[in-house]
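Engineer: In this note's numbering, the protein residues as written are 3 to 453.
First the structure, which I've put down as structure tokens, then a few questions once you've had a look.
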């Protein structure tokens, strides 16, 4: 009766919707400003409201340092926020499944009765004792009734058994589902911590790149001034007849080339700054001041044992969880005898697949560990070379300063020599910044974050 009533209600609702006509078309024709109203779905001809697509409230910041960048990056990371929502959803799902499990554990389809009525004279006499012969004919209708009643009792028992099997099957499915949800929850916790480390590393790299571009831009502007001084010298010497117009042309072309490079650096800097501002949820300001990276003394990278890294690896932990889940599904299904031979073979195969996948991941991660440590060694070597070049340039500049003080070289030549020291200082600083990022990558590696 309830099913037929539900069917009638559904039919009436369908008829009322059909008689009302196409809802989306009606809404589109009624909304003449071509903007989607609240509660209406998006269609081809409509545009979205500004409130849905704008960037929200952005923070105004005049100065950035790495600590501020790291804090804002986590506060405004949509991926990190989505993972926290996912973890909450998984926990709620687990709670819902456990409530269902409680209900199923207390549920029962009943039990069939073992009691049966006598269906023959012998059974009657066995139960009630000797029966007079003259009464036997009157018992035949009773015996027929008893047979019918016994069949009904047997049918009820079969139904109860079937219902109990179905309920037990649902219990088994819930146990498997709960194990899967528990593993998903564990993996999401791992994903959250991995995301936190990854976000910090990524934004550190972004900030370092931005800082490098800013320093390159500053030195490029200084070099442009040096080239302009070269041009003035060439023009002056040409006026004095001491050089040809070719030298002037060459100086002009060098200036043009440097201006183009400077514009390229400015464009790269502006793009990197815009992207960082979006990631941090701050308003774009081309004049934002950038603080230098925290002071640190570059040191050779000491390698941690591979096994110590892998035992912390987020990816290896997820692979371990996959093996545990596959083994649980295989053992649980075998214990409940709820599958055929093919399904049992499949579950055993799933365990082997999970184990092989873990082995494949282990090999790949070992390669990445070696690669990162090798890159770290190269980065430190590059810093040592840059430091040597800077010290040599510094020594050369000391000699040039003495010659300039003694009037042996012109101011122009002295300035050019000083700028060479500036260039070497920049090269050393750029490598130092790169090494700082590499060291943070090694720290992340040793925390289990293997890129």
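Ideal Cβ placement from N, Cα and C applies to all residues, glycine included.
Tell me the DSSP secondary structure of residue 66 in three-state form.
Structural biologist: strand
Engineer: Relative to the alpha-carbon of residue 196, which residue among 97, 232, 355, 315 has its alpha-carbon at the smallest distance?
Structural biologist: 315
Engineer: DSSP has residue 291 in a bridge; who is on the other side?
Structural biologist: Secondary-structure assignment with DSSP links residue 291 through a beta bridge to 65.
Engineer: Check whether the segment 422–433 and the segment 384–400 are in contact - that is, three or more C-beta pairs closer than 8 Å.
Structural biologist: yes
Engineer: Could you spell out the range, first to last residue, of the alpha helix (DSSP H) harbouring residue 366?
Structural biologist: 343–407
Engineer: Would you tell me roughly how many angstroms separate the C-alpha atoms of residue 257 and residue 389, rounded to the nearest one?
Structural biologist: 29 Å
Engineer: Check whether the segment 305–314 and the segment 174–185 touch, using three or more Cβ-Cβ pairs below 8 Å as the test.
Structural biologist: These segments do not touch.
Engineer: Only counting the same chain, and skipping five residues up and downstream in sequence, which positions put a Cβ closer than 7 Å to that of residue 247?
Structural biologist: Result list for residue 247: 240, in chain order.
Engineer: Alpha carbon to alpha carbon, what distance is there between residue 282 and residue 77?
Structural biologist: 8 Å
Engineer: Among residues of its own chain, excluding the 5 on either side of residue 411, which ones have a beta-carbon nearer than 6 Å to its beta-carbon?
Structural biologist: 405
Engineer: How many whole angstroms separate the CB atoms of residue 452 and residue 317, which I take to be in contact at a CB cut-off of 8 Å?
Structural biologist: 6 Å
Engineer: DSSP three-state label for residue 284, please.
Structural biologist: strand
Engineer: Let's see if you can read the secondary structure: which residues bound the alpha helix (DSSP H) around residue 448?
Structural biologist: 413–448
Engineer: Check whether the segment 205–219 and the segment 285–297 are in contact - that is, three or more C-beta pairs closer than 8 Å.
Structural biologist: yes
Engineer: Please return the same chain residues whose Cβ sits closer than 6 Å to the Cβ of residue 440, not counting the five positions on each side in sequence.
Structural biologist: 378, 381
Engineer: Indicate whether residue 366 and residue 325 have their beta-carbon atoms separated by less than 8 Å.
Structural biologist: no
Engineer: Straight-line CA distance for residue 243 to residue 235?
Structural biologist: 12 Å
Engineer: To the nearest angstrom, how far is it from the Cα of residue 302 to the Cα of residue 446?
Structural biologist: 17 Å
Engineer: Could you say which of 80, 230, 261, 89 lies nearest to residue 414 if we only look at CA atoms?
Structural biologist: 230
Engineer: With burial defined as no fewer than 16 other Cβ atoms inside 10 Å of the residue's Cβ, what is the status of residue 206: buried or exposed?
Structural biologist: buried
Engineer: Rounded to whole angstroms, how far is the Cβ of residue 50 from the Cβ of residue 285, which I believe are closer than 8 Å?
Structural biologist: Actually they do not touch by this definition, with Cβ atoms about 22 Å apart.
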